[in-house]
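Peer 1:
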């Protein structure tokens, strides 16, 4: 499989660049170097896709959300020739999809459309980037759209995941008010990743990039990209504290149980092994958590494990279940037993083999049909740009994984249960003294998790 993907993902890098003056009365978000244009193999779903990548650096969570809101405002807030209503109608009729997201280092815009309309889609994108006319009110609405929902209000595992990733991805503290908009202009990206195969589209992209603004030329000390990448990664701490975070709601009949761990793996094979083992614990209807907690015990309607990759060889491991409030201590113990069983290698080889085969198929499926997923894979391996062919070590790791070896060394793939952070949101009895002994924080109402995350981390240090 890896030989095929390597051949299909060969890239050609073009240096594109002219200089133009920054737009007045708006903060210019742009790379101070030429754009690396990366051509990946076309998608297999009849769509073309383009991802523009702006360097984000290490910023606060508020700053990252403000930039997302600013970019969304540019996309939907209208231009000199089109009202917001016209823009929405245009993208609906043409089948255009636009997605704004961030990684730990980048701000991303991914735009997809059917192949036959993609050349005019790039013209539309050029107009959006060159002539945005969104208002402060529109920007404030987008700020509300992108903000994290407090998990204490939603009691949703996905909101817990989002808050944890926000905490891990950005600097602590509040952003300077001057960094929060409301007016941004988006100029030259650091990377443009195209999946089309159409020469007309490639020419149109080159024209678009040549028009985008770039910061004024200044003195810049340039490091080799491999060294810059290593130094950059060291500047990003990746750790969740241990202990217990407890939001108590005496009126709630349910308790959301979350066990979370930010893990740094030695290499891709270790990470692949951990991923497969976590899938066995709770990623599907055939998993141990689903079988035991939902089918046998009837104790939870949504038991689940997650393996969220957020950077090269870095992932958040998470177990969750929403259970009857009075019964949560028993279910917590059961989740621990399920995890410990897998950690000890008590996994049928036949089951992990099927999970391995599913992972191989899923990787191929996502690579050729999901441009956002593919770009994230690329940026984790090459955060500062690519020179030459794309080689993703994760492909070899998935191909070469041995279910039997993973089971035999399960304890080296998964961290000990004591290394996990426990998050409790809802009703029922308070945590025992034993659970509180390793660090404890009571979360106030309508307060983000980072309040307790910061407190526990400070105590631990």
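In our numbering, the protein residues as written are 21 to 481.
Glycine included, C-beta positions come from ideal geometry on N, C-alpha and C.
(1) Does the distance from the CB of residue 215 to the CB of residue 63 come in under 8 Å?
(2) Which same chain residues, not among the five before or five after residue 189, have their C-beta less than 6 Å away from its C-beta?
(3) Tell me which residues share the same chain as residue 461 and place their Cβ nearer than 6 Å to its Cβ, disregarding the 5 neighbours each side in the sequence.
(4) Can you tell me whether residue 353 is buried or exposed, with buried defined as 16 or more other CB within 10 angstroms of its CB?
(5) Start and end of the alpha helix (DSSP H) containing residue 401?
(6) How is residue 93 classed by DSSP in three states: helix, strand or coil?
(7) Write down every uninterrupted run of the beta strand (DSSP E) in the stretch 86-157 whose length is 3 residues or greater and which is fully enclosed by it, in chain order.
(8) Taking Cβ to Cβ, would you say residue 341 is nearer than 8 Å to residue 297?
(9) Between residue 272 and residue 303, what straight-line distance do the alpha-carbon atoms span, to the nearest angstrom?
(10) Threshold first: 4 residues or longer. Then list the alpha helix (DSSP H) segments lying entirely within the stretch 166-205, N to C.
(11) When we look at the beta-carbon of residue 300 and count the other beta-carbons within 10 Å, is it buried (16 or more) or exposed?
(12) Taking the alpha carbon of residue 489 as the reference point, which residue from 101, 59, 152 and 122 has its own alpha carbon closest?
(13) So which of 324, 120 and 292 has the shortest CA-CA distance to residue 307?
(14) Where does residue 352 fall in DSSP's three states?
(15) Would you mind sorting residue 321 into buried or exposed? The rule is 16 or more other CB atoms within 10 Å of its CB.
(16) May I have the straight-line CA-CA distance separating residue 485 from residue 358, to the nearest angstrom?
(17) Under a Cβ-count criterion, where at least 16 other Cβ atoms within 10 Å of its own Cβ denotes burial, should residue 482 be classed as buried or exposed?
(18) Does the distance from the CB of residue 184 to the CB of residue 336 come in under 8 Å?
(19) Under DSSP, the beta strand (DSSP E) around residue 340 begins and ends at which residues?
(20) Per DSSP, what kind of secondary structure is residue 263 in: helix, strand or coil?
(21) Would you check if the distance between the CB atom of residue 448 and the CB atom of residue 345 is smaller than 8 Å?
(22) Residue 281 and residue 60 - do their beta-carbons sit closer together than 8 Å?
(23) Using beta-carbon positions only, say whether residue 83 and residue 198 come within less than 8 Å of one another.
(24) Out of 222, 70, 334 and 377, point me to the one whose CA is closest to residue 129's CA.
(25) Sort 259, 226, 118 and 367 by Cα distance to residue 186 and report the nearest one.
(26) Closest by CA to residue 389, which one among 57, 54, 51 and 68?
Peer 2: Straight from the coordinates:
(1) yes
(2) 124
(3) Closer than 6 Å at Cβ, skipping near neighbours: 265, 472, 475 and 476.
(4) exposed
(5) 391-401
(6) helix
(7) 117-122 and 126-134
(8) Not a contact, by the Cβ cut-off of 8 Å.
(9) Their backbone Cα atoms lie some 27 Å apart in a straight line.
(10) Listed in chain order, the alpha helix (DSSP H) elements of length 4 or more contained wholly in the stretch 166-205 are 171-174 and 177-189.
(11) buried
(12) Missing from the structure shown is residue 489; the chain here goes from 21 to 481 and no further.
(13) 324
(14) DSSP places residue 352 in helix when its eight states are reduced to three.
(15) exposed
(16) Lying outside 21 to 481, the shown extent of the chain, residue 485 is not represented and no answer is given.
(17) Examination of residue 482 is not possible in this model, given that the chain is present from 21 through 481 alone.
(18) Taking 8 Å as the Cβ cut-off, residue 184 and residue 336 qualify as a contacting pair.
(19) Where residue 340 is concerned, the enclosing beta strand (DSSP E) stretches over 334-344.
(20) strand
(21) yes
(22) no
(23) No. Outside cutoff.
(24) 70
(25) 259
(26) Taking only the C-alpha atoms, the option nearest residue 389 is 68.
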